[in-house]
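Enquirer:
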Ligand SMILES: [Mn+2]
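Residue numbers (UniProt numbering): 1 to 312.
Structural data, given as structure tokens:
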């Protein structure tokens, strides 16, 4: 297929109906049941499942596109979470998360919507395992949450297509293992813990002792310089100085590197670019925000005029 450009699409989270609208708006047409564009391909940034009300539809659209070669996809933390909690020990069959546990709450809508289709769900779990953790092209890169070159370069040397397998997944369930660091960093990014055991209450009502941080501040001085999440830090933490040890745990994606596309961060409002070489495409579609795409044609400086979206 001739590919003139790529349409990168943010976290769908079960918004299958919005996804259809977005694809149609961008000129994709359903041919033999597969959304296809005459000259472009889509790239999904992960987190297709959980939370939304049309999860099966979202998965069907994306898997048929990937199978037909009209789209690519990378793994999100929600697919990684589902694999971790549902793929049976020894790689055979699959299990349900513990009733009433946190995993079950995260996966509630997915489990409910697949309640009568366990074999279909099992086939999607197999498919999640085929999703690469990241994609690297000559002119751009893709990851669900973060590109940490020091972790990903050795990983890509061993796994040139970015893919993992059951052995990698099993190793990644051990906290602190190299596999865990790669999977966690790439699909969840970096976080910092609030000092002195303090917690913030986020918009979804949860109490959190950590906050999500970004990876493009040149020389960050305070928590406020690196926080990246819809919940603002309480004012007393905005100016809280970063300790050296915290600064060392952050990642920095240089402004000279090729453009990078991520999702994951529940942005809000009109899509905008944090830097000329990084675009976040998660604009909280499943919370009444926007399902956002960026129409990339190989430019080295990204252009906010290339965002395109449908509102929930
Ligand atoms: Mn995510």
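For every residue, glycine included, the Cβ atom is placed at its ideal position computed from N, Cα and C.
1. Which residue wins for smallest C-alpha separation from residue 222, given the options 61, 236, 230, 231?
2. Would the stretch 4-20 and the stretch 38-51 be scored as touching if the rule is three or more Cβ pairs under 8 Å?
3. Under 8 Å between the Cβ atoms of residue 140 and residue 258?
4. Please check the pair residue 34 and residue 3, which I expect to be a contact at CB under 8 Å, by giving their CB distance rounded to whole angstroms.
5. For residue 281 versus residue 302, is the C-beta spacing smaller than 8 Å?
6. For residue 295, which of 224, 43, 284 has the nearest alpha-carbon?
7. Can you give, in chain order, each stretch of the alpha helix (DSSP H) that sits fully within the stretch 229-260 and has at least 4 residues?
8. Using DSSP with H/G/I as helix, E/B as strand and the rest coil, what is residue 29?
9. Helix, strand or coil: how does DSSP classify residue 115 here?
10. Spatial neighbours of residue 80 within its chain, please: C-beta separation below 7 Å, excluding the five flanking residues on both sides.
11. Do the CB positions of residue 215 and residue 192 come within less than 8 Å of each other?
12. Thinking C-alpha only, which one of 219, 251, 224 is nearest residue 240?
13. With a threshold of 16 other CB atoms inside 10 Å of the CB of residue 77, please say whether the residue is buried or exposed.
14. What residues in its chain sit with their C-beta under 6 Å from that of residue 265, if we drop five residues either side in the sequence?
15. Put residue 280 into one of helix, strand or coil per three-state DSSP.
16. Alpha carbon to alpha carbon, how far is residue 13 from residue 125? Give it in angstroms, no decimals.
17. For the beta strand (DSSP E) that residue 64 lies in, which residues bound it at each end?
18. Residue range of the alpha helix (DSSP H) that residue 170 falls in?
19. I'd like the span of the alpha helix (DSSP H) that includes residue 86, first residue to last.
20. Could you compute how far the alpha carbon of residue 300 sits from the alpha carbon of residue 277?
21. Can you tell me where the alpha helix (DSSP H) holding residue 265 begins and where it ends?
22. Whole alpha helix (DSSP H) runs in the stretch 119-183 with 4 or more residues, listed along the chain?
23. Ends of the alpha helix (DSSP H) at residue 306?
24. Note down the Cα distance separating residue 247 from residue 104, rounded to an integer number of angstroms.
25. Report the partner residues of residue 223 according to the DSSP bridge assignment.
26. Taking 7 Å as the cut-off, is the CB of residue 76 close to at least one heavy atom of ligand 1?
27. For the beta strand (DSSP E) containing residue 193, name the first residue and the last one.
28. Determine the burial state of residue 207: buried for a count of at least 16 other Cβ atoms within 10 Å of its Cβ, exposed for fewer.
29. Pick out whichever of 112, 23, 29, 73 has its Cα sitting closest to the Cα of residue 56.
30. Do you know how far the Cα of residue 142 is from the Cα of residue 24?
Expert: Taking the coordinates as given:
1. 236
2. yes
3. yes
4. Contact doesn't hold; Cβ gap of about 16 Å is too wide.
5. no
6. 43
7. Positions of the alpha helix (DSSP H) runs, each at least 4 residues long and wholly inside the stretch 229-260, are given as 235-238, 244-249 in order along the chain.
8. If DSSP states are grouped into helix, strand and coil, residue 29 belongs with the strands.
9. Residue 115 falls in the coil class under three-state DSSP.
10. 183, 187
11. no
12. Of the candidates 219, 251, 224, the one whose C-alpha sits nearest the C-alpha of residue 240 is 224.
13. Label assigned to residue 77: buried.
14. For residue 265, the CB contacts under 6 Å within the same chain, skipping 5 residues up- and downstream, are 228, 280, 282 in chain order.
15. strand
16. 16 Å
17. Where residue 64 is concerned, there is no enclosing beta strand (DSSP E), although the alpha helix (DSSP H) it sits in stretches over 55-68.
18. 166-172
19. Judged by DSSP secondary structure, residue 86 falls within the alpha helix (DSSP H) whose first and last residues are 77-86.
20. Within the model, the alpha-carbon separation for residue 300 versus residue 277 is close to 7 Å.
21. First-last for residue 265: undefined, no H or E at that position.
22. Correct list: 149-158, 166-172.
23. Looking at the DSSP string, residue 306 is not in any alpha helix (DSSP H), and its letter there is neither H nor E.
24. 34 Å
25. Paired residues: none, contrary to the question.
26. yes
27. 190-193
28. exposed
29. 112
30. 23 Å
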